[in-house]
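Residue numbers (the UniProt record's numbering): 1 to 257. Contents: one structure, followed by commentary.
What follows is the structure, given as structure tokens:
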């Protein structure tokens, strides 16, 4: 069964001619099939299927002029041939080579010119290996780093330009650092801080401009600090504060002597 009803074309747009192919003998053994599994086809899925069927042939194609062939061949080629592909002009080739190599080779791609490669590299690294990527120019790379690097190394990202990066930082930094982010300019970041602070520390956010932050404060702050929030301008904040005041345990009366 073929993938499409069409003529098979190579990456240059020329019609594929099985008669001139070096792998003509594979047809008889089911090693290839026009419009289904062909290394000369322009479609990646057919190239991929060819190498899935014939992985031993991949070594001969890691320098092929078509990047799709090189990238897919890298998934099957001998590991000792892959380091040369880390300098390939195409990011897909570099990544497919790196993902199969020892970590010391992956480290070389932390400064890869393509963001997709750096993003994927960040998913393979951990701890101090990620430190050089804290200052990556792409916010999504920094976001991946923020979610994976050791919490004690997150300091440089506490003032990151991107709110989503700072929000992830707020979720992971050591508790003792939280107060350093309570004045963040974005409420979603401050909300994450409020959710992590202990009831005794929440008073610093009781006058936050965002009602959601104040609601979190009113829900958890020590009851001795609820009076102001019980008169909050937002009805939901006011309601939760007043409900907690109403159920506050009364101190037992001292017995007379």
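Note that beta-carbon positions come from the ideal geometry of N, C-alpha and C, so glycine has one too.
Contact between residue 16 and residue 40 holds: CB atoms are separated by about 5 Å, below the 8 Å threshold. Residue pairing for residue 33: DSSP places it in a beta bridge opposite 37. Judged by DSSP secondary structure, residue 80 falls outside any alpha helix (DSSP H); it is assigned neither H nor E.
As the crow flies, the alpha-carbon of residue 238 is around 20 Å from that of residue 190. In this structure, residue 82 sits near residue 101, with a CB-CB distance shorter than 8 Å.
Within its own chain, the residues whose Cβ lies closer than 7 Å to the Cβ of residue 74, once the five positions on either side in sequence are excluded, are 62, 82, 85, 93, 96, 97, listed in chain order. Taking the Cα of residue 71 as reference, the smallest distance to any Cα among 47, 129, 167 is reached at 47.
Assignment of residue 185 by DSSP, reduced to helix, strand and coil, places it in the coil class. One alpha carbon belongs to residue 55, the other to residue 99, and they sit about 17 Å apart. Here residue 214 is actually not in contact with residue 184; their C-beta atoms are around 15 Å apart, not less than 8 Å.
Secondary structure of residue 9 (DSSP, three-state): strand.
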